[in-house]
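Student: Residue numbers (our numbering), protein chains in the order written: chain P, 1 to 77; chain C, 78 to 154; chain F, 155 to 302; chain W, 303 to 450. Don't be surprised by glycine CBs; every beta carbon is placed ideally from N, CA and C. Note that the structure is predicted; figures quoted are calculated from it, not measured. Take a look at this one; I'll ask things after.
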């Protein structure tokens, strides 16, 4: 019963790793609150959330095994 | 006391040469009339006139030595 | 995704002029093509707080990016009448003066190739999950700001 | 015209992919450039009255064309913020699948290069005194229709 978390760019710098697993949390909002408690610097950083590679703009239900990615503003090209 | 005539594209095909001299004619309209009398097919062909490399849309006075070019629609690129 | 023919977009390191030339050459057998439009992104030596950028290191959420490239590709083909389309983006280190993005569209008449190329570049900049780390000549870095 | 530095535009025969690659490579030392836009015109094997085009033979009023290219160049530089601009156009015979026009613009940010490249191509098609003779595979020919 876990979630896989992926981080990129400056978010990886803040969290100190780019992929890790955490115990299952019911929805994205609670997940983000948990992470922000552990890494308060996230409050000062812009990012969006993708669940299983799809960007979500509102709180959504999570299922065990979901891959949740924290994506800072893109700067490719 | 001559004019230099340059022709391009299908106009060269009609006139049979791409550069030649003719006796001085006072203005572009008379020049075109003269050429059209000699080469009636010019009547059925679209072209613009350039005098000394500048496109002219109205009848203009010519000076001896002027270079008059007959330019069919451009199709470069 | 099983039915989708996903073309490889990411390349390791810079995109060479020779790679671009080979790409162009391959189209000489497609004789219905009348126009090619190419966009190249090159790494600038921007100066930020008195430090000069020496390179950009690109990382991506590759799985998600490949789906996004596929989507952009399909939508460009549906919006424009294109004969061919190719997208290449660098991952890893690309130095200033080197090329990190290569978008290549081909069509019968020029308007489609030109408009599609611009459309694809804009969508990549806005929507592809790719990040550039600007590395200064003193080895410090900052995360590149988006250019959308 | 004495003060004008007129860059050579016309080249004999087709423009090779290698020539394009060399042109791109030369810009790797200009590290302020962030974006290149390239347009390539390629000869199509159009079918007209059941005959297939095998090549186009280009002729030009060269003196006038060079003045026009100079004017287009100056106006593009005044309208867009460009680092570099190059225009190459073939004269003589260019076969289907080969390239006859190469427009190359470079700028700090992408919008200028992209917009300028399109602007230049449109002006060349409309205003450069160049004519294409479409030569069919049976050696007949017609004069190419303008694509403006």
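How far does the beta strand (DSSP E) with residue 84/C in it reach, from first residue to last?
Tutor: 79 to 84
Student: Are at least three pairs of beta-carbons, each pair with one atom in the segment 329 to 349 of chain W and one in the segment 378 to 386 of chain W, less than 8 angstroms apart?
Tutor: yes
Student: Can you name, in chain order, every residue of its own chain whose Cβ lies under 8 angstroms from the Cβ of residue 10/P, other than the five neighbours on each side?
Tutor: 45, 72
Student: Less than 8 angstroms separating the beta-carbons of residue 136/C and residue 106/C?
Tutor: yes
Student: Give the interface partners of residue 299/F over in chain P, defined as CB-CB distance under 8 angstroms, in chain order.
Tutor: Here the neighbours are 73, 75.
Student: For residue 338/W, return the contacting residues in chain B, with the cut-off set at a CB-CB distance below 9 angstroms.
Tutor: Although the question refers to chain B, the structure presented lacks it and instead comprises the protein chains P, C, F and W.
Student: Suppose the cutoff is 8 angstroms on Cβ atoms and the five residues either side in sequence are ignored; what does the same chain contact list for residue 379/W look like?
Tutor: 387
Student: On the CB-based measure, 16 or more other CB atoms within 10 Å of its CB, does residue 153/C come out buried or exposed?
Tutor: buried
Student: With a threshold of 8 angstroms between beta carbons, is residue 334/W in contact with chain F?
Tutor: yes
Student: Which value, in whole angstroms, describes the spacing of the CA atoms of residue 84/C and residue 359/W?
Tutor: 16 angstroms
Student: Which residue spans inside the segment 337 to 371 of chain W form an unbroken beta strand (DSSP E) run of at least 3?
Tutor: 337 to 344, 353 to 362
Student: According to a CB-to-CB cut-off of less than 8 angstroms, which residues of the segment 52 to 70 of chain P neighbour chain F?
Tutor: 53, 69
Student: Give the interface partners of residue 9/P over in chain F, defined as CB-CB distance under 8 angstroms, in chain order.
Tutor: Around residue 9/P, the beta-carbon contacts reaching into chain F at under 8 angstroms are 213, 285, 287, 297.
Student: Note the first and the last residue of the continuous beta strand (DSSP E) segment covering residue 96/C.
Tutor: 96 to 100
Student: Can you name, in chain order, every residue of its own chain whose Cβ lies under 6 angstroms from the Cβ of residue 21/P, other than the five neighbours on each side?
Tutor: 2, 4
Student: So who's on the other strand from residue 68/P, going by DSSP bridges?
Tutor: Residue 68/P is bridged to 5/P, 51/P.
Student: Go ahead and pull the three-state DSSP assignment for residue 409/W.
Tutor: strand
Student: Using a Cβ-Cβ cut-off of 8 angstroms (strictly less than) and excluding sequence neighbours within five positions of residue 397/W, which residues of its own chain qualify?
Tutor: For residue 397/W, the CB contacts under 8 angstroms within the same chain, skipping 5 residues up- and downstream, are 316, 345, 356, 357 in chain order.
Student: Taking the beta carbon of residue 259/F as the centre, do at least 16 other beta carbons fall within 10 Å, making it buried, or is it exposed?
Tutor: buried
Student: From the beta carbon of residue 365/W, is the nearest beta carbon of chain C less than 8 angstroms away?
Tutor: yes
Student: Does residue 446/W come out as helix, strand or coil in the three-state DSSP assignment?
Tutor: coil
Student: Quick one: what's got a C-beta closer than 7 angstroms to residue 366/W's C-beta in the same chain, skipping five residues either side?
Tutor: 431
Student: Suppose the cutoff is 8 angstroms on Cβ atoms and the five residues either side in sequence are ignored; what does the same chain contact list for residue 445/W look like?
Tutor: 433, 434, 435, 436
Student: Contact check, residue 70/P vs residue 49/P under 8 angstroms by CB: the rounded distance?
Tutor: 6 angstroms
Student: Looking only at its chain, what residues have a beta carbon closer than 8 angstroms to the beta carbon of residue 89/C, apart from the 5 residues adjacent to it on each side?
Tutor: Apart from sequence neighbours up to five positions away, the residues of its chain that approach residue 89/C with a beta-carbon distance below 8 angstroms are 95, ordered along the chain.
Student: Taking the alpha-carbon of residue 57/P as reference, which of 27/P, 14/P, 65/P, 15/P has the nearest alpha-carbon?
Tutor: 27/P
Student: Which residue from 25/P, 16/P, 14/P puts its Cα closest to that of residue 62/P?
Tutor: 25/P
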